[in-house]
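Visitor: Below is one structure. I have some questions about it.
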Amino acid sequence: MNNTILLGRITKDPEIRETKDKKPYCRFTLAVDRNDDNADFIPCIAWGDNAVNMDKYVMKGRQLLVQGKLQSGSYEDKDGVNRYTLDLFVYRVKFLAVPKGYRSEAAPDFTELDGFDDALPF
102 MNNTILLGRI TKDPEIRETK DKKPYCRFTL AVDRNDDNAD FIPCIAWGDN AVNMDKYVMK
162 GRQLLVQGKL QSGSYEDKDG VNRYTLDLFV YRVKFLAVPK GYRSEAAPDF TELDGFDDAL
222 PF
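Under this note's numbering, the sequence shown has 160 at position 59, and the numbering climbs by one with no breaks.
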C-alpha cells in the first residue's frame, strides 16, 4: 500500500501550469517538521482541481494537510547524468492555518449573500 499523509507548510507561492493536453498541475514543496529543530522538504505535485485550488488559496507559509502517494522517477540531465526523483502525488488537500497578517480575498472568512437581510421579517 502506498499512502502518505503529511502536515507542513508551503515553502513558496505555488504556480499553476498546464500539460500539452491542457491538464492543470502544480508543483510545490512542503516543509514538514521533525521532532527536533529540523524539517524535511518534500516535493509534491497536485493535478486537476487540487492544482487549481492550490493556485487560488495557498500562499507561502500556509499550513496544509496533504494525502497522496509517493512516486519515483528518473530522467537524464543536460550533462547526460541519470537523476532520480521521489515526489508525493497529492490527491487530497486540507487547507489549514494562514500565515500571520495575511488576509486572502480568494478565500474569505465568510460570504455575504445578496438579499439575505431583505427576506427576514424583522
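No residue lacks a Cβ here, since even glycine has one placed at the ideal position from N, Cα and C.
Note that the structure is a prediction, hence the values are computed from the model and not measured.
Within the continuous beta strand (DSSP E) that includes Gly-169, where are the two ends?
Guide: Residues 164-177.
Visitor: State the CB to CB distance for the pair Lys-195 and Leu-171, rounded to an integer number of angstroms; the pair is presumed to be in contact (CB under 8 Å).
Guide: That belief does not hold up - the Cβ atoms of Lys-195 and Leu-171 are roughly 19 Å apart, past 8 Å.
Visitor: Would Val-159 pass as a contact of Pro-125 if the rule is Cβ separation under 8 Å?
Guide: Contact: no.
Visitor: Determine the extent of the alpha helix (DSSP H) in which Lys-157 is found, giving its start and end residues.
Guide: Looking at the DSSP string, the run of the alpha helix (DSSP H) that includes Lys-157 is 149-158.
Visitor: Using alpha carbons as the reference points, say which of Thr-120, Leu-131, Asp-180 lies closest to Ile-111.
Guide: Comparing Cα positions, the closest option is Leu-131.
Visitor: Rounded to the nearest angstrom, what separates Arg-138 and Gly-181 at their Cα positions?
Guide: Note on residue identity: the sequence assigns Asp, not Arg, to residue 138. Their Cα atoms are separated by approximately 37 Å.
Visitor: Tell me the rounded alpha-carbon separation between Asn-104 and Lys-179.
Guide: Each residue's alpha carbon lies about 33 Å from the other.
Visitor: From the DSSP output, which residues share a beta bridge with Gly-109?
Guide: BP columns for Gly-109 point to Leu-165.
Visitor: In this structure, how does DSSP classify Ala-92 when only helix, strand and coil are distinguished?
Guide: Only positions 102 to 223 of the chain appear in the structure, and residue 92 is not among them; the question remains open.
Visitor: Give me the DSSP bridge partner(s) of Pro-144.
Guide: Answer is Thr-130, bridged to Pro-144.
Visitor: Quick check: what's the CA-CA separation for Arg-118 versus Cys-127?
Guide: Rounded to the nearest angstrom, the two C-alpha atoms are 6 Å apart.
Visitor: Starting from Val-191, follow its DSSP beta bridges and name the residues at the other end.
Guide: Paired residue(s): Ala-147, Gly-169.
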